[in-house]
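Number of protein chains: 2
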Amino acid sequence: MKRSFIREILEHTTNETISFAGGLPDEKLFPNIQLEQSAKRVLLNANSLQYTTSTGLNELKDKIAQFYCDDGFPTEASNILITSGSQQALDIISRYNNGKCITIESPSYLGAMNVFELNNMKQDAVLLTENGIDINKFEDSFSRSKFSYLIPDFQNPTGYTYSIEKRDSIAKIVGFHDGILIEDSPYGELYFEQKFKSISSLIPNNSFSLGSFSKTLAPSLRIGWIRADEKLLEPLIAYKEAMDLHTNGLSQYILNDYFEDKKQYNIHLKLLRKIYAKKMQIFKSYLDEILPEFNYIKPKGGMFIYGSFPNINSSELVQKCLENNVIFVPGIEFYTEQNNKIENEIRFNFTHCSAKDIYKGLTLISRIIKEM
Amino acid sequence: MKRSFIREILEHTTNETISFAGGLPDEKLFPNIQLEQSAKRVLLNANSLQYTTSTGLNELKDKIAQFYCDDGFPTEASNILITSGSQQALDIISRYNNGKCITIESPSYLGAMNVFELNNMKQDAVLLTENGIDINKFEDSFSRSKFSYLIPDFQNPTGYTYSIEKRDSIAKIVGFHDGILIEDSPYGELYFEQKFKSISSLIPNNSFSLGSFSKTLAPSLRIGWIRADEKLLEPLIAYKEAMDLHTNGLSQYILNDYFEDKKQYNIHLKLLRKIYAKKMQIFKSYLDEILPEFNYIKPKGGMFIYGSFPNINSSELVQKCLENNVIFVPGIEFYTEQNNKIENEIRFNFTHCSAKDIYKGLTLISRIIKEM
Numbered sequence: 341m342k343r344s345f346i347r348e349i350l351e352h353t354t355n356e357t358i359s360f361a362g363g364l365p366d367e368k369l370f371p372n373i374q375l376e377q378s379a380k381r382v383l384l385n386a387n388s389l390q391y392t393t394s395t396g397l398n399e400l401k402d403k404i405a406q407f408y409c410d411d412g413f414p415t416e417a418s419n420i421l422i423t424s425g426s427q428q429a430l431d432i433i434s435r436y437n438n439g440k441c442i443t444i445e446s447p448s449y450l451g452a453m454n455v456f457e458l459n460n461m462k463q464d465a466v467l468l469t470e471n472g473i474d475i476n477k478f479e480d481s482f483s484r485s486k487f488s489y490l491i492p493d494f495q496n497p498t499g500y501t502y503s504i505e506k507r508d509s510i511a512k513i514v515g516f517h518d519g520i521l522i523e524d525s526p527y528g529e530l531y532f533e534q535k536f537k538s539i540s541s542l543i544p545n546n547s548f549s550l551g552s553f554s555k556t557l558a559p560s561l562r563i564g565w566i567r568a569d570e571k572l573l574e575p576l577i578a579y580k581e582a583m584d585l586h587t588n589g590l591s592q593y594i595l596n597d598y599f600e601d602k603k604q605y606n607i608h609l610k611l612l613r614k615i616y617a618k619k620m621q622i623f624k625s626y627l628d629e630i631l632p633e634f635n636y637i638k639p640k641g642g643m644f645i646y647g648s649f650p651n652i653n654s655s656e657l658v659q660k661c662l663e664n665n666v667i668f669v670p671g672i673e674f675y676t677e678q679n680n681k682i683e684n685e686i687r688f689n690f691t692h693c694s695a696k697d698i699y700k701g702l703t704l705i706s707r708i709i710k711e712m
Numbered sequence: 341m342k343r344s345f346i347r348e349i350l351e352h353t354t355n356e357t358i359s360f361a362g363g364l365p366d367e368k369l370f371p372n373i374q375l376e377q378s379a380k381r382v383l384l385n386a387n388s389l390q391y392t393t394s395t396g397l398n399e400l401k402d403k404i405a406q407f408y409c410d411d412g413f414p415t416e417a418s419n420i421l422i423t424s425g426s427q428q429a430l431d432i433i434s435r436y437n438n439g440k441c442i443t444i445e446s447p448s449y450l451g452a453m454n455v456f457e458l459n460n461m462k463q464d465a466v467l468l469t470e471n472g473i474d475i476n477k478f479e480d481s482f483s484r485s486k487f488s489y490l491i492p493d494f495q496n497p498t499g500y501t502y503s504i505e506k507r508d509s510i511a512k513i514v515g516f517h518d519g520i521l522i523e524d525s526p527y528g529e530l531y532f533e534q535k536f537k538s539i540s541s542l543i544p545n546n547s548f549s550l551g552s553f554s555k556t557l558a559p560s561l562r563i564g565w566i567r568a569d570e571k572l573l574e575p576l577i578a579y580k581e582a583m584d585l586h587t588n589g590l591s592q593y594i595l596n597d598y599f600e601d602k603k604q605y606n607i608h609l610k611l612l613r614k615i616y617a618k619k620m621q622i623f624k625s626y627l628d629e630i631l632p633e634f635n636y637i638k639p640k641g642g643m644f645i646y647g648s649f650p651n652i653n654s655s656e657l658v659q660k661c662l663e664n665n666v667i668f669v670p671g672i673e674f675y676t677e678q679n680n681k682i683e684n685e686i687r688f689n690f691t692h693c694s695a696k697d698i699y700k701g702l703t704l705i706s707r708i709i710k711e712m
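Laid out in structure tokens, this is it:
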């Protein structure tokens, strides 16, 4: 099995590297003071250090269920399985469905594609457009696979967002064929203007809704979850406990304490949305100024700007960039072998770098392109 | 796939239940004050909340490597892969070796047997005796499987410990057949009198040495590791990152800070050894007094007393005990189907309960037996 381009490149970067590669939040926005206060409170009780149950801390499951209820999607703690990041959620679900065929977006999230490969799944990649997956091609594929993985909100890598109409169509198709949708939404809360309705809420018995606090609070806590009907969730528990017994307890206790103050998380999310929207605008202005030939669609949220150069091989470009301490991810990494002819696409992360580094990094890339 | 008896029963216990079931440390011994101080220090730096590298935090890998060096087993950070508990370490290794045959002890650790099953491994269970696995039977099995999983120190479930001679013999056999040994030692530091030499140190190129801070520091942190030759470790990294990207960063930073004060951990381990040795003695005296017909071998460390009643079906007994708020694990849970005729064995954990609860629990069991 091949390692992840992004994870591997992460190990070759230094403090000098300007990285537009990973989906990294801005460290300056981490609520470390508040989480330290929570850590202090929960560590007064030694129970926060003991083994806990396989499906996760009940109080935290209650709170995650409440987030769904607040969005009008009735959910109880028994619908939640807490996982070691939503990466593990993907692994658990696809491990249980080993060898099946799965309909995915083209391009799609690299970590998901790696997990599907690890679990011997045949990936059928369907064209993703600006307002969502191509519906006719999706139905054609899904009628055979009856299993799909989609990222409708500010997709990784493209930043594209599904229209309301496409969400309704997907729900109808999944329901009609009585199949299963894995709806991954790590960026759902990072909208710039409006929050979108989840597809899962339209098909609660035919969906796994995946969530994570990695993009909204802190990746190092590795807390994600699966929301599903109890019947769908139940067989996954034996897998979860064979894989790592249970998710990190201390992080669960800390988050549970952090969410006790409901306002705190909302204020934090508002701040994230505001600053990331601003960073996206900064990235966009510099792009338009420094690399005007880069063709992209402005995202409505999330962490990425995705696009293409007219005549540049982005894999060759990134190698030269790496030598000059600036990196991004070539689009080809996000395609299956089925669609591996894309050579000129690029994913830029706009949340991690400072405005100064964005300017510096894009200027470097522009200079490298001119020398190519 | 079947759920773990222990994990499932954990969900059915209440605060009233006296549990001799799980391998739970005594919460009163958790260094929560010191870990809180470490948490406070590391959370001053927001980087402790960011994504980290797939193989684990370099500083922590250095410190784990140093623990091996201190035991005379030359090890570098590049020999360490940090995992989400040693349960995940087992999953990564067996996932990479999917479908192979593996020689295990009979009885063995339930969580390992579940992971081997999940990874389609054929388990060949070889009789474990008081001073280690039956060497002739081991060699016979290993010459075919060339792959083995052993717990030489204060084994789970039996509490048995391998003699020096058996350790040497195992190393010779593994080396001769150029096979692989997975040596799991979560209890190695919890010795009452002497620390035993690891088998892995005799065959560094043919072994995975598994460790964990779950039994010595705090299970909820879910920090374990694999120590192996770089060539053996390298292909596992892609699996690790597909499974959960990386192990919980905050816990790694906290432990790394905790170990900065070398004395602190040593003092803690000395305290654990002293108190667990005392608890074992208390459990033993009460057992001998209240259930004199229970036949067992006194452990030299670890967390378990294992033995049998002359004529009692321990699976029936545990059901009746559960109704009366006292539990343990019937021995049959630790056997493969190949050896599933053991009906009268029991594993008792002696580290978790107070002396008062040990007395109360064993008295309850004695009364229930008389009523059977």
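Sequence order for the protein chains is G and S.
Just so we're aligned, residue 341 is where the first sequence starts under this note's numbering, counting upward by one.
Just so we're aligned, residue 341 is where the second sequence starts under this note's numbering, counting upward by one.
Each residue gets a CB set at the ideal place from its N, CA and C atoms; glycine is no exception.
Please read these numbers as outputs of a predicted model, since none were measured by experiment.
(message) Taking its Cβ as the centre, do 16 or more other Cβ atoms sit within 10 Å of ASN689(S), making it buried, or is it exposed?
(response) Within the second sequence, residue 689(S) is the residue found at index 349, counting from 1. Under this definition ASN689(S) is a buried residue.
(request) Inspect the beta-carbon positions of GLU470(G) and TYR500(G) and report whether they are closer than 7 Å. (result) In the first sequence, counting from the first residue as 1, residue 470(G) sits at position 130. In the first sequence, counting from the first residue as 1, residue 500(G) sits at position 160. In contact: GLU470(G) and TYR500(G) (Cβ atoms closer than 7 Å).
(message) Against chain G, does GLY589(S) count as a neighbour if the rule is that its beta carbon must be under 7 Å from one of theirs?
(response) In the second sequence, residue 589(S) corresponds to position 249, counting from 1. Yes, its Cβ sits closer than 7 Å to a Cβ of chain G.
(message) Assuming TYR598(S) is part of the beta strand (DSSP E), what are its boundary residues?
(response) Within the second sequence, the letter at position 258 stands for residue 598(S). Careful: TYR598(S) lies outside any beta strand (DSSP E), inside the alpha helix (DSSP H) at 589-598.
(request) Determine which residues of the segment 566-581 of chain G have a Cβ less than 9 Å from any Cβ of chain S, and write them out in chain order. (result) PRO575, ILE577, ALA578, TYR579, GLU581
(message) Is it the case that the segment 483-490 of chain G contacts the segment 430-449 of chain G, given that we only count it when at least three CB pairs across the two stretches are under 8 Å?
(response) yes
(request) Compute the distance between the beta-carbons of GLU376(S) and LEU397(G), then report whether it is under 7 Å. (result) Position 36 of the second sequence, counted from the first residue, corresponds to residue 376(S). Position 57 of the first sequence, counted from the first residue, corresponds to residue 397(G). Not a contact, by the Cβ cut-off of 7 Å.
(message) Which same chain residues end up closer than 7 Å to ASN460(G) when comparing Cβ atoms and leaving out the 5 residues on each side of it in sequence?
(response) Position 120 of the first sequence, counted from the start, is the residue given in the question as residue 460(G). Answer for ASN460(G): ASN438, GLY439, listed in chain order.
(request) Can you tell me which of the three DSSP states ASP601(S) falls into? (result) Position 261 of the second sequence, counted from the first residue, corresponds to residue 601(S). In this structure, ASP601(S) counts as coil in the three-state DSSP scheme.
(request) Run down chain S in chain order and give the residues with a C-beta less than 9 Å from the C-beta of MET583(G). (result) Counting from 1 along the first sequence, the entry for residue 583(G) is found at position 243. Under the 9 Å cutoff, chain S gives SER424, GLN427, GLN428, ASP431, VAL455, LEU458, MET583, ASP584.
(request) Determine which residues of the segment 385-403 of chain S have a Cβ less than 9 Å from any Cβ of chain G, and write them out in chain order. (result) ASN385, ALA386, ASN387, SER388, LEU389, GLN390, TYR391, THR392, THR393, SER394, THR395
(request) Determine the direct distance from the alpha carbon of ASN653(G) to that of SER424(G), and round the result to whole angstroms. (result) Reading the first sequence from its first residue, position 84 is the one you call residue 424(G). Reading the first sequence from its first residue, position 313 is the one you call residue 653(G). Using only the alpha carbons, I get a separation of about 36 Å.
(message) Using beta carbons (cut-off 7 Å, strictly below), is SER525(G) in contact with chain S?
(response) Taking the first residue of the first sequence as position 1, residue 525(G) is located at position 185. Output row for SER525(G): interface = no.
(message) Using a Cβ distance threshold of 8 Å, determine whether the segment 549-556 of chain S contacts the segment 517-534 of chain S, with at least three qualifying pairs required.
(response) yes
(request) Return the first residue and the last residue of the alpha helix (DSSP H) that GLN659(G) is part of. (result) Position 319 of the first sequence, counted from the first residue, corresponds to residue 659(G). 654-663 is the span of the alpha helix (DSSP H), which, as asked, contains GLN659(G).
(request) With 8 Å as the C-beta to C-beta threshold (strictly closer), list the residues of the segment 661-688 of chain G near chain S in chain order. (result) none
(message) Using only the alpha-carbon positions, how far apart do ILE432(G) and SER426(G) sit?
(response) One-based indexing of the first sequence puts residue 432(G) at position 92. One-based indexing of the first sequence puts residue 426(G) at position 86. Roughly 10 Å between the two C-alpha positions.
(message) Against LYS342(S), what residues of chain G qualify as contacts under a CB-to-CB distance less than 9 Å, listed in chain order?
(response) For the purposes of this step, residue 342(S) is identified with residue 2 of the second sequence, where counting begins at 1. Near LYS342(S) (Cβ distances below 9 Å), the residues of chain G are ALA578.
(request) State buried or exposed for ASP597(S), treating a residue as buried only when at least 16 other CB atoms are found within 10 Å of its CB. (result) One-based indexing of the second sequence puts residue 597(S) at position 257. Under this definition ASP597(S) is a buried residue.
(message) Report the start-end ranges of each alpha helix (DSSP H) in the segment 493-541 of chain S that is 4 residues or longer and not cut off at the edges.
(response) 504-516
(request) Confirm, please, whether the CB-CB distance from LEU550(S) to ASP569(S) is below 7 Å. (result) On the second sequence, residue 569(S) is found 229 positions in, with the first residue counted as 1. On the second sequence, residue 550(S) is found 210 positions in, with the first residue counted as 1. Going by C-beta atoms, ASP569(S) is not nearer than 7 Å to LEU550(S).
(message) Going by C-alpha to C-alpha distance, which of THR393(G), GLY363(G), HIS352(G) sits closest to LEU364(S)?
(response) As a first step, residue 364(S) must be located in the second sequence, where it is residue number 24. Out of THR393(G), GLY363(G), HIS352(G), THR393(G) has the C-alpha closest to the C-alpha of LEU364(S).
(message) To the nearest angstrom, how far is the alpha carbon of TYR646(S) from that of ILE686(S)?
(response) Here the question's residue 646(S) lines up with position 306 in the second sequence. Here the question's residue 686(S) lines up with position 346 in the second sequence. Using only the alpha carbons, I get a separation of about 6 Å.
(request) Determine contact between the segment 470-481 of chain S and the segment 500-511 of chain S, defined as no fewer than three beta-carbon pairs at a distance below 8 Å. (result) yes
(request) Check whether the Cβ of GLN427(G) sits closer than 6 Å to any heavy atom of the ligand NAD, and report yes or no. (result) For the ligand NAD, the structure offers nothing, since it holds no ligand at all.
(request) Can you give me the start and stop residues for the alpha helix (DSSP H) that CYS409(G) sits inside? (result) To locate residue 409(G), count along the first sequence from 1; it is residue 69. Residues 398-410.
(request) Please list the residues of the segment 541-569 of chain G that have a C-beta atom closer than 7 Å to any C-beta atom in chain S, keeping them in chain order. (result) ALA558, PRO559, SER560, LEU561, ARG562
(request) Check whether the Cβ of ASN438(S) lies closer than 7 Å to any Cβ atom in chain G. (result) Position 98 of the second sequence holds residue 438(S). No - not a single Cβ of chain G is within 7 Å of the one on ASN438(S).
(message) Rounding to the nearest angstrom, what Cα-Cα distance links GLY451(G) and ALA465(G) in this structure?
(response) Translated into the one-based positions of the first sequence, residue 451(G) becomes position 111. Translated into the one-based positions of the first sequence, residue 465(G) becomes position 125. Approximately 15 Å, taken between the alpha carbons.
(request) Output the distance between the C-alpha atoms of PHE536(G) and PRO650(G), rounded to the nearest integer angstrom. (result) For the purposes of this step, residue 536(G) is identified with residue 196 of the first sequence, where counting begins at 1. For the purposes of this step, residue 650(G) is identified with residue 310 of the first sequence, where counting begins at 1. Near 32 Å, if we compare the C-alpha coordinates of PRO650(G) and PHE536(G).
(request) Can you tell me which of GLN621(S), ASN546(S), GLU656(S), SER648(S) puts its alpha carbon nearest to the alpha carbon of LYS640(S)? (result) Taking the first residue of the second sequence as 1, we reach residue 640(S) at position 300. Ranking the options by Cα distance to LYS640(S), first place goes to GLN621(S).
(message) Helix, strand or coil, according to DSSP, for GLN463(G) in the structure here?
(response) The count along the first sequence starts at 1 and reaches residue 463(G) at position 123. Residue state, collapsed to three classes: strand.
(request) Please state whether DSSP places ILE630(G) in a helix, a strand or coil. (result) On the first sequence, position 290 is the one that residue 630(G) refers to. Reduced to three states, the DSSP call for ILE630(G) is helix.
(message) Suppose you measure from the CA of SER446(S) to the CA of ALA386(S); what does that come to, to the nearest Å?
(response) Numbered from 1 along the second sequence, position 106 holds the residue referred to as residue 446(S). Numbered from 1 along the second sequence, position 46 holds the residue referred to as residue 386(S). In a straight line, the C-alpha of SER446(S) is about 47 Å away from that of ALA386(S).
(request) Just mark ARG435(S) as buried or exposed, buried being the case when its beta carbon has 16 or more other beta carbons within 10 Å. (result) Translated into the one-based positions of the second sequence, residue 435(S) becomes position 95. With 16 or more Cβ atoms within 10 Å of its Cβ, ARG435(S) is classed as buried.
(message) Check for me: the beta strand (DSSP E) holding SER552(G) runs from which residue to which?
(response) Translated into the one-based positions of the first sequence, residue 552(G) becomes position 212. Its beta strand (DSSP E) spans residues 547-552.
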